[in-house]
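Numbering (full-length UniProt numbering), first residue to last: 1 to 335.
Notes follow once the structure below has been shown.
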């Protein structure tokens with residue numbers, strides 16, 4: 001799980017592995033294991049699959065998200081109960097009543113906000129600019145391990161026909177620590193993080209960057225909102241907040257564990273392993289923010305009124321069905 005902030009910070013990652021005991025986690029002898037602990041990377045377990053769940057989300061908030069917020073509030077001189085926003089996608093576990101109640105009880109100053117379904121490619125900073133270089137780095141590390149293992153076999157005068165790569169789960173699990181450490185270090189660029197929020201835009205006027213959200217133009221829109229959109233203003237200013245919006249009641253959280261959290265991540269990035277991660281990130285940082293806007297109601301041209309002739313509805317029921325002769329065997333006698 002990758003988390004970033006609008007200020008340009010990359011939070012320590014949480015890596016979920018399938019298994020029911022500590023034996024399913026990477027060995028402490030794994031390459032870069034000590035550095036992963038220094039960076040604060042979390043390795044968690046899910047007995048059913050490698051997806052997150054409510055206990056893992058609680059651990060992520062407890063050990064990574066809330067300590068970061070508390071440190072920033074202390075640095076800026078804000079009170080401990082200063083509200084902070086966590087932006088999540090619309091996965092069922094994120095929206096479950098159990099998870100929202102947990103957050104409300106343990107961290108009442110956290111505000112959960114959700115990206116509408118199908119919009120992660122537009123409004124989720126990690127999807128917009130972070131996931132591609134992050135995954136590319138991991139793929140390159142995997143490829144490097146394959147090449148190293150192959151060369152080691154050949155340099156020891158091994159028979160090329162007898163080459164068999166070590167694909168045991170334990171081996172790959174231990175190797176993955178170095179993959180994650182390298183990927184975290186490569187995306188840990190302040191400008192890349194800020195660019196991710198800046199590119200979350202549906203219009204050239206505003207985006208999710210701190211500069212845009214605190215701009216005079218945005219403040220003017222908020223000041224005029226009670227008059228321009230009273231319903232939305234009432235919803236925003238309500239003491240109930242929107243934490244209860246889009247709640248998905250899950251009777252059994254185990255059922256929610258069966259829902260793939262990456263259903264929206266169906267786009268194939270293609271084979272980009274020939275591209276260096278640092279080259280890709282330079283390309284990302286050099287991309288200007290698109291000035292294209294999604295059409296609004298005022299941009300929609302007036303449609304010409306067309307009269308459509310609608311025939312009288314047919315009556316159905318017992319004795320009212322239209323009977324037609326079967327044509328299935330028509331002309332059969334001529335065969």
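By construction, the Cβ of each residue, glycine as well, lies at the ideal position given by its N, Cα and C atoms.
Since this is a predicted model, take the numbers as computed values, not measurements.
Open item on the list: Here's a check: name, in chain order, each residue in its chain whose Cβ is nearer than 8 Å to the Cβ of residue 59, leaving out the five neighbours to either side.
Closed with: The residue you call residue 59 lines up with position 59 of the chain shown. The residues are 14, 42, 44.
Open item on the list: With a threshold of 7 Å on Cβ separation, who are the neighbours of residue 99 within its own chain once the five nearest residues in sequence on each side are excluded?
Closed with: Here residue 99 is taken as the residue at index 99 of the chain shown, counted from 1. Closer than 7 Å at the Cβ level, and outside the excluded window around residue 99, lie 54, 57, 93.
Open item on the list: For residue 196 and residue 19, what's the separation of their Cα atoms in angstroms?
Closed with: For this step, residue 196 is matched to residue 196 along the chain shown. For this step, residue 19 is matched to residue 19 along the chain shown. Those two C-alpha atoms are separated by around 33 Å.
TODO: Could you work out which residue in 79, 95, 48, 107 is closest to residue 65 when comparing CA atoms only?
DONE: If you number the chain shown from 1, residue 65 lands on position 65. Nearest option by C-alpha distance: 107.
Task: Length of the line joining the Cα atoms of residue 169 and residue 176 - done: As a first step, residue 169 is located in the chain shown; it is residue number 169 there, counting from the start. As a first step, residue 176 is located in the chain shown; it is residue number 176 there, counting from the start. Going from the Cα of residue 169 to the Cα of residue 176 covers about 10 Å.
TODO: Go ahead and pull the three-state DSSP assignment for residue 46.
DONE: Here residue 46 corresponds to residue number 46 of the chain shown, with the count starting at 1. The answer is strand: DSSP assigns residue 46 an E or B state.
Task: Rounded separation between residue 298 and residue 63 - CA only - done: Taking the first residue of the chain shown as 1, we reach residue 298 at position 298. Taking the first residue of the chain shown as 1, we reach residue 63 at position 63. Unreliable positioning characterises residue 298 in this predicted model, as indicated by a pLDDT of 43, which lies under 50. A coordinate reading is not provided.
Open item on the list: To the nearest angstrom, how far is the alpha carbon of residue 9 from that of residue 2?
Closed with: Stepping through the chain shown from its first residue, residue 9 is reached at position 9. Stepping through the chain shown from its first residue, residue 2 is reached at position 2. Their backbone Cα atoms lie some 11 Å apart in a straight line.
Open item on the list: Among 16, 24, 25, 35, whose alpha-carbon lies nearest the alpha-carbon of residue 182?
Closed with: Taking the first residue of the chain shown as 1, we reach residue 182 at position 182. The shortest C-alpha separation from residue 182 is found at 35.
Open item on the list: Report the CB separation of residue 179 from residue 142 in whole angstroms; it is logged as a contact under 8 Å.
Closed with: Along the chain shown, one-based indexing puts residue 179 at 179. Along the chain shown, one-based indexing puts residue 142 at 142. Confirmed, about 7 Å.
Task: Three-state secondary structure assigned by DSSP to residue 33 - done: For the purposes of this step, residue 33 is taken as the residue at position 33 of the chain shown. Here residue 33 sits in helix by DSSP.
Open item on the list: Check whether the stretch 67-81 and the stretch 204-211 are in contact - that is, three or more C-beta pairs closer than 8 Å.
Closed with: no
Open item on the list: With a threshold of 7 Å on Cβ separation, who are the neighbours of residue 4 within its own chain once the five nearest residues in sequence on each side are excluded?
Closed with: As a position in the chain shown, residue 4 is number 4, starting the count at 1. Result list for residue 4: 10, 11, 125, 126, 130, 193, 196, in chain order.
Task: beta strand (DSSP E) runs wholly inside the stretch 91-154, at least 3 long, in chain order - done: 110-114
TODO: Taking residue 52 as the reference, give the member of 186, 17, 133, 167 with the closest Cα.
DONE: To locate residue 52, count along the chain shown from 1; it is residue 52. That would be 17, whose Cα lies nearest to the Cα of residue 52.
Open item on the list: One question on the structure: do residue 149 and residue 165 come within less than 8 Å of each other, judged by their Cβ atoms?
Closed with: To locate residue 149, count along the chain shown from 1; it is residue 149. To locate residue 165, count along the chain shown from 1; it is residue 165. Contact flag set, yes.
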